[in-house]
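Asks: Here you go, one structure.
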Amino acid sequence: MRVADIDREIETAKSAGPLREIVIQPCPALLTDLRVEFNREDPEPATIAKIASRDVAMAAALIRVANSPIYARSRAASTVAEAVALLGMAQTVSILTGFLLREAITVKSPLLEHFWETSTRRAYAMGYIARQMYGINADIAHTCGLFCHVGLPIMLQGLPGYEATLAQAMQDKERTFTQVENGAHRTDHAVVGAIVAKTWRLPPIVAIAVRLHHDFTVLRDDNIPAEVRTLVAMSLLAEHLVALHEGQTEHVEWDQHGAACLAHLHVSDAEIEHWLDALHVQFAGPAGF
């Protein structure tokens, strides 16, 4: 498998097969403007703050996050500019990406009652894990965590019969989530999530990692960039940490592939326990906006 093949698969999925009628929400203009400024050679914090201030709810959410116990700052932020200064531009863009994603995609099914809380926890976990390691960007990891499962509500809204599939996938102890999805719809939320990531013009590595985050054969595939393979391994570890916090005792993919992911990341069981303790504050009160 090569990245070019995955790119072609994602592009084909948008125009053919079961996803040709599905609606992918466009990237919000505010996020486009934020990313354009952030990707400049010399981005300006004042410009980032000005863009964030265009939406009152988004600005208030950013200040609230900056002042939350998660960041334990010595002084409080009272303006968007101060929040950006306290958080840094990269973290600001990551947080606002989560806010805008939640605003753009509606989740109404009781099957996904805690979808955004869990997605936020996964994102925080991936960002935290990345900061404990070398060679992986924490904000890329955070964004990947946000988008891993974003295909679920989109499929729920756009594919007839998907609610029954979702219920089955949550209960199935023999097949993985994506195996259940593909058996019923010839596609899965990893493909849809990758389409969203590309539509929103996220870094290409995020779209590829989202597409592959349930395919653990890539851990041994040298044709896949090392950073993507690390993100795939991190995504399952983050999912495991969130599941432990939320009291979920059965996790088919972790039972099958957890050891391989830990070996790939060179992470021990003792580190998992330490990381879970360290993430407790974030998990107990994630920035749910």
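0 is the number of the first residue of the sequence shown in numbering that gives the first Met the number 0; add one for each residue after it. The beta carbon of each residue, even a glycine, is placed where N, CA and C say it ideally should be.
How would you write the range of the alpha helix (DSSP H) that Met233 sits in, first residue to last?
Replies: First-last of the alpha helix (DSSP H) with Met233: 225-244.
Asks: Contact between the stretch 179-199 and the stretch 142-161: three or more CB pairs below 8 Å?
Replies: Touching, per the Cβ criterion.
Asks: Can you say whether Ala286 is buried or exposed, counting buried as having 16 or more other CB atoms within 10 angstroms of its CB?
Replies: With a pLDDT of 48 at Ala286, under the threshold of 50, the modelled position of this residue cannot be trusted; read the value that follows with caution. The residue is buried, with at least 16 neighbouring Cβ atoms inside 10 Å.
Asks: Quick one: give me the first and last residue of the alpha helix (DSSP H) that Asn181 is part of.
Replies: It spans 176-184 - the alpha helix (DSSP H) in which Asn181 sits, taken as one unbroken run.
Asks: Quick check on Leu155: does DSSP put it in helix, strand or coil?
Replies: Residue state, collapsed to three classes: helix.
Asks: Of all Cβ atoms in chain D, is any one closer than 8 Å to the Cβ of Arg1?
Replies: Annotation note: the requested chain D is absent from the structure, which comprises a single protein chain.
Asks: Just to confirm before moving on: does the CB-CB distance between Thr119 and Val205 stay below 8 Å?
Replies: No.
Asks: Do the stretch 44-63 and the stretch 74-82 make contact, defined as three or more Cβ pairs closer than 8 Å?
Replies: Judged by Cβ distances under 8 Å, the stretch 44-63 makes contact with the stretch 74-82, as three or more pairs qualify.
Asks: Three-state secondary structure (DSSP) at Met132?
Replies: The answer is coil: DSSP assigns Met132 none of H, G, I, E or B.
Asks: Which one of Arg101, Pro109, Gly126 has the shortest CA to CA distance from Trp115?
Replies: Among Arg101, Pro109, Gly126, the Cα nearest to that of Trp115 is on Arg101.
Asks: Let me know the secondary structure DSSP gives Pro76 once reduced to three states.
Replies: The sequence given here places Ala at residue 76; Pro does not occur at that position. Looking at Ala76 - three-state DSSP - the assignment turns out to be coil, as it is neither helix nor strand.
Asks: What is the DSSP secondary structure of Lys172, counted as helix, strand or coil?
Replies: Note: Lys172 maps to coil in three-state DSSP.
Asks: Quick check on Arg63: does DSSP put it in helix, strand or coil?
Replies: Here Arg63 sits in helix by DSSP.
Asks: Please classify Met169 as buried or exposed, where buried requires at least 16 neighbouring CB atoms within 10 angstroms.
Replies: Flag for Met169 reads exposed.
Asks: How would you label Asp187, buried or exposed, when you count the other beta carbons within 10 angstroms and need 16 or more for buried?
Replies: It is buried - the Cβ of Asp187 has at least 16 other Cβ atoms within 10 Å.
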